[in-house]
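Numbering (this note's numbering), first residue to last: 186 to 434.
Here is the structure we will look at.
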Ligand code: AMP
């Protein structure tokens, strides 16, 4: 069984994101980038399935500029067997990424695709869902547990009211939620080994996909600064302020 794991290069989650002075976007110059945290969880789950002899190959794929090779090397150091970079400097929105991933999936014929549930830069939460639709495969989003038996994948997913369990026939697309697992750290020997694993570069233009953006960003702005709190003298004042001044935002 082959598992395809799409991984995105995003601003590291520890970085405080700043809007560019001219409001044209988020400042990326000199900013630390990393693998999207949900994609790390997806890689971990795929590697665990291979370690449990339920999968034979884990292929990581990233769409974006040359620098995404670094993201792919992280996935390889975590245990992915090989990687594919769909290279482009164009701005990619979820629909475009899903189309590129569909083209890769047509070539690779994976039994299972495990995406992250969302990328922490755009928070779109769309790519896995669009990809499943384009591939005509079943999908289970926000997975917190996967149990594979034969060609049936039982997925526990987190929904507003609690947990829901779905059974999917492979091939299928799953998106990983936070509680699916705790990803391993890439050890130094594995980082060294990852440098020798195969990484194929496919120019996005060669896949015959229209990646033109469908959305236009008109302006970016920092959120309003939070106002300072006040100290009340006693409970009576607190109750009075809550009654007369507090608003539901
Ligand atoms: P999004 O729909 O942008 O929130 O992304 C959801 C998931 O789609 C991510 O967690 C990745 O697994 C995958 N994905 C999004 N963008 C890319 C990309 N440029 N390259 C590879 N995978 C991506």
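Even glycine gets a Cβ: it sits at the ideal position worked out from N, Cα and C.
- When the beta-carbon positions are compared, residue 297 and residue 359 come within less than 8 Å of each other.
- As for any beta strand (DSSP E) of minimum length 3 sitting wholly inside the segment 235–310, the runs are 242–249, 267–272, 297–301, ordered along the chain.
- In terms of side-chain proximity, the C-beta atom of residue 287 is found no nearer than 7 Å to any non-hydrogen atom of the ligand AMP.
- Taking 8 Å as the cut-off, the Cβ atoms of residue 204 and residue 405 count as close.
- Spanning the alpha carbons of residue 259 and residue 207 requires a straight line of approximately 33 Å.
- If you ignore the 5 residues before and after residue 284, its C-beta comes within less than 6 Å of the C-beta of 394, all in its own chain and listed in chain order.
- Placement of the Cβ of residue 227 at a distance of less than 7 Å from at least one heavy atom of the ligand AMP is found.
- The beta carbon of residue 348 lies closer than 6 Å to those of 341 in the same chain, with the five residues before and after it left out.
- With a cutoff of 8 Å on beta-carbon distance, residue 365 and residue 236 are scored as not near each other.
- The beta carbon of residue 368 is closer than 6 Å to those of 225, 226, 229 in its chain, skipping five residues each way along the sequence.
- Residue 270 has its alpha-carbon roughly 15 Å from the corresponding atom of residue 219.
- Distance from the CA of residue 325 to the CA of residue 353, rounded to the nearest whole angstrom, comes to 8 Å.
- The ligand AMP never approaches residue 423 closely enough for any of its heavy atoms to be under 7 Å from the residue's Cβ.
- In this structure, residue 188 sits near residue 299, with a CB-CB distance shorter than 8 Å.
- Nearest neighbour of residue 233 by Cα position, chosen from 332, 385, 375, 249, turns out to be 332.
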